[in-house]
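**Student:** So for the sequence shown, UniProt numbering puts the first residue at 1; every next one is plus one. First the structure, which I've put down as structure tokens, then a few questions once you've had a look.
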Amino acid sequence: MPILNTNESEVLKLKGLHLYHANISNCSMRVRWLLDEKGLSWTSHEVNLGRQENLEDWYLKINPKGLVPALVDNGVPVTESNDILFYLEKKFPQPYFTPEGQTEQEAMNDWVDLATKIHMKAIKTYVYGTMGAATKKRSDMARYAEIEPDKELVKFHQKALDGFSREDLEAAVDLLKSVFARMEARLKDHEYLVGDRMSLADIAWVPQHVLLSRVGFDFSPYPSIPAWAERFSRRPAYKTAITDWLPKIPMWLMVPVMKLASWWRGHFTS
């Protein structure tokens with residue numbers, strides 16, 4: 001689990017729970033949601049990815065990878081969204097979002113791990129590829145390559161600037177279809193991904209539906225998935241953690257606006 005050691009005085013002096021996050025980041029959504037479901041008090045620090053705040057020195061002192069979200073718990077940074085879920089679940093066990101039986105616990109862990117495993121090669125590739133999106137400027141890339149230890153992530157953002165190939169997008173869609181077919185098979189007869197109550201598996205995956213549905217992924221072959229996600233949307237914590245952070249513009253307008261912003265960033269910023 002990426003619990004980081006730090007000597008940064010500005011980080012060490014933070015008291016309580018501090019979350020560094022971005023509004024429509026699906027990874028940020030799941031952490032906000034668990035925090036609010038558990039009724040925890042936390043201080044919000046919104047990181048503007050469009051302005052590259054995640055690559056500024058102050059943020060790299062919190063998460064050297066420059067990724068959101070990052071949690072700081074009384075001066076201790078915890079990174080990687082799904083690891084943050086497990087961290088919070090262990091430290092603040094009430095209410096508990098882990099099934100009782102070992103088999104169901106393993107199934108929950110598998111779903112959460114799968115969300116991590118396909119994040120870049122399926123979720124991010126589909127979102128960035130279909131929208132022509134890029135969050136980095138070309139002038140950022142040399143410095144980004146120096147500070148980012150994950151070279152696959154560097155390659156990803158370079159592809160986002162240059163344009164994903166048809167093969168990249170087809171592979172992403174095929175992987176998403178495979179995962180959602182498996183999810184549909186489970187949800188057509190069950191209310192939850194694992195067990196008979198809400199778990200970390202649901203918390204990890206509902207934000208995937210939120211993001212993908214907003215950028216036009218076709219869920220019509222998997223009707224149980226939107227119905228499952230919609231049930232959770234009625235929860236008060238869902239509203240405060242997800243709905244309240246979504247852009248207040250119609251879905252049909254959001255995608256063109258984001259495409260235009262990304263195109264401008266890639267062509268008219270140095």
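Think of the CB as a built atom: it goes at the ideal place given N, C-alpha and C, for glycine as much as any other residue.
Start and end of the beta strand (DSSP E) containing Val78?
**Tutor:** Val76 to Thr79
**Student:** Which parts of the UniProt domain "GST C-terminal" (113-257) are runs of the beta strand (DSSP E), unbroken and 3 residues or longer, counting only runs that do not cross its ends?
**Tutor:** Counting only runs of 3 or more, we get nothing.
**Student:** Give the secondary structure of Val72 by DSSP, where H, G and I count as helix, E and B as strand, and everything else as coil.
**Tutor:** strand
**Student:** Return the bridge partner residues of Glu46 from the DSSP annotation.
**Tutor:** Beta-bridge pairing links Glu46 to His21.
**Student:** Quick check on this structure: which residue in Leu19, Gly16, Asn23 and Ala160 has the alpha carbon closest to the alpha carbon of Leu211?
**Tutor:** Asn23
**Student:** Determine the direct distance from the alpha carbon of Met120 to that of Pro95, and round the result to whole angstroms.
**Tutor:** 31 Å
**Student:** Can you check which of these residues, Lys177, Asp36, Asn26 and Gly129, is closest to Leu161 by C-alpha distance?
**Tutor:** Gly129
**Student:** Please confirm if Phe232 has its CB atom under 8 Å from at least one CB of chain D.
**Tutor:** No chain D is present in this structure, which holds just one protein chain.
**Student:** Can you tell me which of Val47, Gln105, Leu55 and Val76 puts its alpha carbon nearest to the alpha carbon of Met141?
**Tutor:** Leu55
**Student:** Which one of Ser213, Arg51 and Thr240 has the shortest CA to CA distance from Ala229?
**Tutor:** Ser213
**Student:** Is Val76 closer than 8 Å to Ile123 when the C-beta atoms are compared?
**Tutor:** no
**Student:** Is it buried or exposed for Gln208, if we count other Cβ within 10 angstroms and need 16 for buried?
**Tutor:** buried
**Student:** On the three-state DSSP scale, how would you describe Ile3?
**Tutor:** strand
**Student:** Tell me the rounded alpha-carbon separation between Ser270 and Arg138.
**Tutor:** Any reading at Ser270 needs caution, since the residue's pLDDT is 48, under 50, leaving its predicted position unreliable; the model's value is listed next. As the crow flies, the alpha-carbon of Ser270 is around 6 Å from that of Arg138.
**Student:** Measure the CB-CB distance between Glu146 and Lys61 and report whether it falls below 8 Å.
**Tutor:** no
**Student:** Determine, using beta-carbon pairs with one atom in the segment 104-118 and one in the segment 150-167, whether at least three such pairs fall under 8 Å.
**Tutor:** no
**Student:** Between Asn26 and Gly195, what straight-line distance do the alpha-carbon atoms span, to the nearest angstrom?
**Tutor:** 23 Å
**Student:** Could you give the first and the last residue of the continuous alpha helix (DSSP H) run that contains Asn63?
**Tutor:** Where Asn63 is concerned, there is no enclosing alpha helix (DSSP H), given that its DSSP letter is neither H nor E.
**Student:** Name the two residues that bound the continuous alpha helix (DSSP H) containing Glu8.
**Tutor:** Premise fails: Glu8 is in no alpha helix (DSSP H) and is neither H nor E.
**Student:** Quick check on the DSSP output: the alpha helix (DSSP H) that includes Glu37 runs from which residue to which?
**Tutor:** Asn26 to Glu37
**Student:** Roughly how far, in whole angstroms, is the beta-carbon of residue 277 from the beta-carbon of Ile203, given that I think they are within contact range, below 8 Å?
**Tutor:** The shown model of the chain, from 1 to 270, leaves out residue 277, and the question about it has no answer.
**Student:** According to DSSP, is Leu85 helix, strand or coil?
**Tutor:** If DSSP states are grouped into helix, strand and coil, Leu85 belongs with the helices.
**Student:** Would you decide whether Glu148 is buried or exposed? Buried here means 16 or more other CB atoms lie within 10 Å of its CB.
**Tutor:** With 16 or more other Cβ atoms within 10 Å, it is buried.
**Student:** In chain order, what residues of the same chain lie with their CB nearer than 7 Å to the CB of Ser224, ignoring the 5 residues before and after it?
**Tutor:** Glu184, Leu187 and Lys188
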